[in-house]
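>
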Amino acid sequence: MKDDNVIICRCSDVTLKDIRDLIDQGYNTFDEIKRITRIGMGACQGKTCTQLVLREIATRTGKPIESLKPQTSRPTAVGVKLGVIAKGDCDDEK
Amino acid sequence: MRETEVLIIGGGPAGLCAAVSALESGASVTILERNRRLGGQLVKQTHMFFGSKEQYASFRGIDIPAILLEKLEKYGDKLRVETDCTALGIYEDGVVTALFGEERYVKYLPKAIVVATGASEKALAFENNDLPGIYGAGAVQTLMNVYGVKPGNKVLMVGAGNIGLIVSYQLMQAGVEVVAVLDAAPKIGGYCVHASKIRRAGVPILVSHTVTRALGDKTLEGAIVCEMDEKFNVIEGTEKRYDCDVMCISVGLTPLTELLGMAGCEMKYVPELSGIVPARNKAYMTSRDGIFVAGDVSGIEEASAAMVEGYLAGLHCAAYAGYKSENFAQKVEDLEGQLAKLRGGPSGAHILRGIQKNVKED
Numbered sequence: 308m309k310d311d312n313v314i315i316c317r318c319s320d321v322t323l324k325d326i327r328d329l330i331d332q333g334y335n336t337f338d339e340i341k342r343i344t345r346i347g348m349g350a351c352q353g354k355t356c357t358q359l360v361l362r363e364i365a366t367r368t369g370k371p372i373e374s375l376k377p378q379t380s381r382p383t384a385v386g387v388k389l390g391v392i393a394k395g396d397c398d399d400e401k
Numbered sequence: 003m004r005e006t007e008v009l010i011i012g013g014g015p016a017g018l019c020a021a022v023s024a025l026e027s028g029a030s031v032t033i034l035e036r037n038r039r040l041g042g043q044l045v046k047q048t049h050m051f052f053g054s055k056e057q058y059a060s061f062r063g064i065d066i067p068a069i070l071l072e073k074l075e076k077y078g079d080k081l082r083v084e085t086d087c088t089a090l091g092i093y094e095d096g097v098v099t100a101l102f103g104e105e106r107y108v109k110y111l112p113k114a115i116v117v118a119t120g121a122s123e124k125a126l127a128f129e130n131n132d133l134p135g136i137y138g139a140g141a142v143q144t145l146m147n148v149y150g151v152k153p154g155n156k157v158l159m160v161g162a163g164n165i166g167l168i169v170s171y172q173l174m175q176a177g178v179e180v181v182a183v184l185d186a187a188p189k190i191g192g193y194c195v196h197a198s199k200i201r202r203a204g205v206p207i208l209v210s211h212t213v214t215r216a217l218g219d220k221t222l223e224g225a226i227v228c229e230m231d232e233k234f235n236v237i238e239g240t241e242k243r244y245d246c247d248v249m250c251i252s253v254g255l256t257p258l259t260e261l262l263g264m265a266g267c268e269m270k271y272v273p274e275l276s277g278i279v280p281a282r283n284k285a286y287m288t289s290r291d292g293i294f295v296a297g298d299v300s301g302i303e304e305a306s307a308a309m310v311e312g313y314l315a316g317l318h319c320a321a322y323a324g325y326k327s328e329n330f331a332q333k334v335e336d337l338e339g340q341l342a343k344l345r346g347g348p349s350g351a352h353i354l355r356g357i358q359k360n361v362k363e364d
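Those protein sequence lines, which keep their order, are chains A and B. If you're matching positions, the first sequence starts at 308 in the numbering used here and goes up one per residue. If you're matching positions, the second sequence starts at 3 in the numbering used here and goes up one per residue.
1) At 8 Å on the CB atoms, spell out the chain B contacts of A/N335, in chain order.
2) Within 7 Å: the Cβ of B/A100 and any heavy atom of the ligand GTP?
3) Using a beta-carbon distance below 8 Å, is B/M50 in contact with chain A?
4) Which residue's Cα is closest to the Cα of B/G166: B/S54, B/Y149, B/G177 and B/C194?
5) Going by DSSP, name the residue or residues bridged to B/N360.
6) Could you check which residue in B/G41, B/M3 and B/N329 has the C-alpha nearest to that of B/M309?
7) Taking B/I190 as the reference, which of B/R201, B/V181 and B/V180 has the closest Cα?
8) When you compare only the Cα positions, how much space is there between A/T357 and B/A187?
9) Check each residue of the stretch 81-93 of chain B: if its Cβ is closer than 9 Å to any Cβ of chain A, include it; give the result in chain order.
10) B/K46 to B/R62, Cα distance in whole Å?
11) Taking Cβ-Cβ distances shorter than 9 Å, what residues in chain B pair up with A/K309?
12) Could you name the residues of the same chain whose beta carbon sits closer than 7 Å to that of B/R290, not counting the 5 residues immediately before and after it, in chain order?
13) Closer than 8 Å, CB to CB, is B/Y107 near chain A or not?
14) When you compare the CB positions of B/E229 and B/T240, do they come within less than 8 Å of one another, or not?
15) Within 8 Å (strictly less), CB to CB, does A/R327 reach chain B?
16) How many angstroms separate the CA atom of A/G386 from the CA atom of B/A331?
17) May I ask you to list the residues that DSSP assigns as paired with B/I10?
18) Looking at chain A, is there any beta carbon in it that lies within less than 8 Å of the beta carbon of B/K264?
19) Would you be able to state if there are at least three C-beta pairs under 8 Å between the stretch 244-257 of chain B and the stretch 331-349 of chain A?
20) Given that B/T256 touches chain A, what residues does it touch there, using C-beta distances under 7 Å?
21) If contacts are defined as beta-carbon pairs under 8 Å, then B/G301 and B/L275 qualify, I think. What distance do you get, rounded to the angstrom?
22) How long is the line joining the alpha carbons of B/Y171 and B/H196, rounded to whole angstroms?
23) For the beta strand (DSSP E) containing A/D325, name the first residue and the last one.
24) Start and end of the alpha helix (DSSP H) containing B/I64?
25) Using three-state DSSP, classify B/T144 as helix, strand or coil.
26) For A/A350, which residues in chain B fall below 7 Å Cβ to Cβ?
27) Going along the stretch 111-142 of chain B in order, which residues come within less than 7 Å of chain A, judged by CB to CB distance?
28) Compare the C-alpha of B/L2 against each of B/Y325, B/I207, B/V157 and B/S252 and name the closest.
29) Quick one: measure Cβ to Cβ for B/Y110 and B/T212, integer angstroms, because I've assumed they're closer than 8 Å.
30) Using three-state DSSP, classify B/C87 as helix, strand or coil.
31) Could you work out which residue in B/V116, B/Q57 and B/D79 is closest to B/P280 when comparing CA atoms only?
32) DSSP has B/V272 in a bridge; who is on the other side?
33) Whose C-alpha, out of B/A125, B/A68 and B/P112, is nearest the C-alpha of A/R317?
34) Which residues in the same chain as B/H318 place their Cβ atom closer than 7 Å to its Cβ, once the five residues preceding and following it in sequence are excluded?
35) On the DSSP bridge list, what partners appear for B/S122?
36) Relative to the alpha-carbon of B/I168, which residue among B/E304, B/L81, B/I136 and B/K199 has its alpha-carbon at the smallest distance?
Written as structure tokens, this is what we have:
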């Protein structure tokens, strides 16, 4: 399979080749790959890529997938305009 | 800051049932649902359910939310339902933030939380997998059955689990041609009754096959499909071309656990439960006090099991918030019995192995 045309992360346009090259260079945790490629940091917050990346790391390093650390999730779960957060709690019922 | 006793995140089968039993126990409940409509995935499931009568066997999925909502109606002001409202985060101090529409940011301080956020569709890596025309099978089912939009004319279905089989049949009912259904596994994963309907209509179901390349310039025009050996390696020289303008990826679901991860709950990869799931105890509580889970978020199963888990989590969550139901022990025993019955078959045994890895003795 030609891996430079296989998209793993649609949000940041990261290919399977990018991931494989990084793993071969020794970047073999999700976090390291994230820091270099922004994978998992786009609009979907890793819903497409997480398992694909973990499986690729497992295959190439021989470590069981259960032993790999997934990415750290942080609020907010979806994109929010900064102005909306700056306005703060808008509980208009009080 | 809004106060509520029990906050339920997700208004699908698990969340709605959790609301029923929390209200029945006496707690006040708020449901946050990101879609405009309650019901979760039930809103597009036009097929009849199997199982037992407690979980609405022989009803169609789309008719079940109305039955559950009727049970909720009588609680009046004790229940608040917020639709088009996405939970954004669960913080250390127990505050939950939510976004109403796109402009209103609201904070909640609940006594206890049930996270029933369900699942998302898994992706598949193959050449040109970003061509327009390639969808998740669940997305196509939503397009067709909720919005009445025909996705295309010729569909290749990748995955022969229940979703792949059911969506294939529903596409055919909508007048769309299904060119083939394939699955990497050597056996059809879904129920035989769904597979038979498709085979009788002449659609090939190719097991031990996968898609290696999507074809097309601007949009999908076809796909290259290959045979696989027992180690899931592609066998050279077995390439076949199928013409199609839609490809549905139906390679399974994975728990949608980001809120639990950010809340600091202990998480674990459990293959039998289809992904990264929160560790929990027998009372459906995660490693963080007061945060409970029910349904697909703690392991992919069917809507029937999600409903029973919802009832159970609702009972336990209400008890945690200070509203222990009358006949609590009896109700829990009865519901656990229903779950054991649902998990009596071979796929249930698989789930139970996963649960055993993940559920702590108290």
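Note that the Cβ used here is the ideal one computed from N, Cα and C, for glycine as well. Please read all numbers here as calculations on a predicted model, not as lab measurements.
With the structure as the only source:
1) The residue given as residue 335 of chain A occupies position 28 in the first sequence. Within chain B, no residue has its CB atom less than 8 Å from the CB of A/N335, the nearest being about 16 Å off.
2) The ligand GTP is absent from the structure shown, which contains no ligand whatsoever.
3) Counted from its first residue, the second sequence places residue 50 of chain B at position 48. So, not an interface residue.
4) Reading the second sequence from its first residue, position 164 is the one you call residue 166 of chain B. Looking at the Cα atoms, B/C194 is the closest of the given residues.
5) For the purposes of this step, residue 360 of chain B is identified with residue 358 of the second sequence, where counting begins at 1. B/N360 is not bridged to any residue.
6) The residue given as residue 309 of chain B occupies position 307 in the second sequence. The residue with the shortest Cα to Cα distance from B/M309 is B/G41.
7) Locating residue 190 of chain B in the second sequence gives position 188, counting from the first residue. Nearest of B/R201, B/V181 and B/V180 to B/I190, Cα basis: B/R201.
8) As a position in the first sequence, residue 357 of chain A is number 50, starting the count at 1. As a position in the second sequence, residue 187 of chain B is number 185, starting the count at 1. Going from the Cα of A/T357 to the Cα of B/A187 covers about 22 Å.
9) If the cut-off is 9 Å between Cβ atoms, the stretch 81-93 of chain B has T88, A89, L90, G91, I92 and Y93 near chain A.
10) By one-based count along the second sequence, residue 46 of chain B stands at place 44. By one-based count along the second sequence, residue 62 of chain B stands at place 60. In a straight line, the C-alpha of B/K46 is about 10 Å away from that of B/R62.
11) Position 2 of the first sequence holds residue 309 of chain A. Chain B residues near A/K309: E129 and R215.
12) Residue mapping note: residue 290 of chain B aligns to position 288 of the second sequence, counting from 1. Correct list, in chain order: A265, G266 and C267.
13) Here the question's residue 107 of chain B lines up with position 105 in the second sequence. Cβ-Cβ to chain A under 8 Å: yes for B/Y107.
14) Numbered from its first residue, the second sequence carries residue 229 of chain B at position 227. Numbered from its first residue, the second sequence carries residue 240 of chain B at position 238. Yes.
15) Position 20 of the first sequence, counted from the first residue, corresponds to residue 327 of chain A. No, no contact with chain B.
16) Here residue 386 of chain A refers to the residue found at position 79 of the first sequence. Here residue 331 of chain B refers to the residue found at position 329 of the second sequence. Those two C-alpha atoms are separated by around 43 Å.
17) Reading the second sequence from its first residue, position 8 is the one you call residue 10 of chain B. Paired residues: B/I33 and B/V116.
18) Looking up residue 264 of chain B in the second sequence gives position 262. Per the sequence presented here, residue 264 of chain B reads as Met, with Lys not at that position. By this cut-off, B/M264 is an interface position.
19) no
20) Residue 256 of chain B sits at position 254 when you count from the first residue of the second sequence. From the beta-carbon of B/T256, the residues of chain A found nearer than 7 Å are Q358.
21) Mapped onto the second sequence, residue 301 of chain B falls at position 299. Mapped onto the second sequence, residue 275 of chain B falls at position 273. Their Cβ separation, rounded to whole angstroms, is 3 Å, which keeps B/G301 and B/L275 in contact under 8 Å.
22) In the second sequence, counting from the first residue as 1, residue 171 of chain B sits at position 169. In the second sequence, counting from the first residue as 1, residue 196 of chain B sits at position 194. Taking the Cα positions, B/Y171 is about 8 Å away from B/H196.
23) Looking up residue 325 of chain A in the first sequence gives position 18. Here A/D325 belongs to no beta strand (DSSP E); instead the alpha helix (DSSP H) covers L323 to D331.
24) The residue given as residue 64 of chain B occupies position 62 in the second sequence. Neither: B/I64 is in no alpha helix (DSSP H) and is coded neither H nor E.
25) The residue you call residue 144 of chain B lines up with position 142 of the second sequence. Helix, per DSSP.
26) As a position in the first sequence, residue 350 of chain A is number 43, starting the count at 1. Here the premise fails: no neighbours, minimum Cβ distance about 13 Å.
27) If the cut-off is 7 Å between Cβ atoms, the stretch 111-142 of chain B has S122, K124, A125, A127, F128, E129, N130, N131 and D132 near chain A.
28) Lying before the first or after the last residue shown, residue 2 of chain B is absent from chain B, which here runs from 3 to 364.
29) The residue labelled residue 110 of chain B in the question sits at position 108 within the second sequence. The residue labelled residue 212 of chain B in the question sits at position 210 within the second sequence. B/Y110 to B/T212, Cβ: 45 Å. No contact.
30) As a first step, residue 87 of chain B must be located in the second sequence, where it is residue number 85. DSSP places B/C87 in strand when its eight states are reduced to three.
31) As a position in the second sequence, residue 280 of chain B is number 278, starting the count at 1. Selected option, being the one with the closest Cα: B/V116.
32) Along the second sequence, one-based indexing puts residue 272 of chain B at 270. B/G277, per the DSSP bridge assignment.
33) In the first sequence, counting from the first residue as 1, residue 317 of chain A sits at position 10. Closest option to A/R317, Cα to Cα, is B/A125.
34) Position 316 of the second sequence, counting from 1, holds the residue named residue 318 of chain B. A285, Y286, M287 and F294, listed in sequence order.
35) As a position in the second sequence, residue 122 of chain B is number 120, starting the count at 1. Under DSSP, B/S122 shares a beta bridge with B/T256.
36) By one-based count along the second sequence, residue 168 of chain B stands at place 166. Taking only the C-alpha atoms, the option nearest B/I168 is B/K199.
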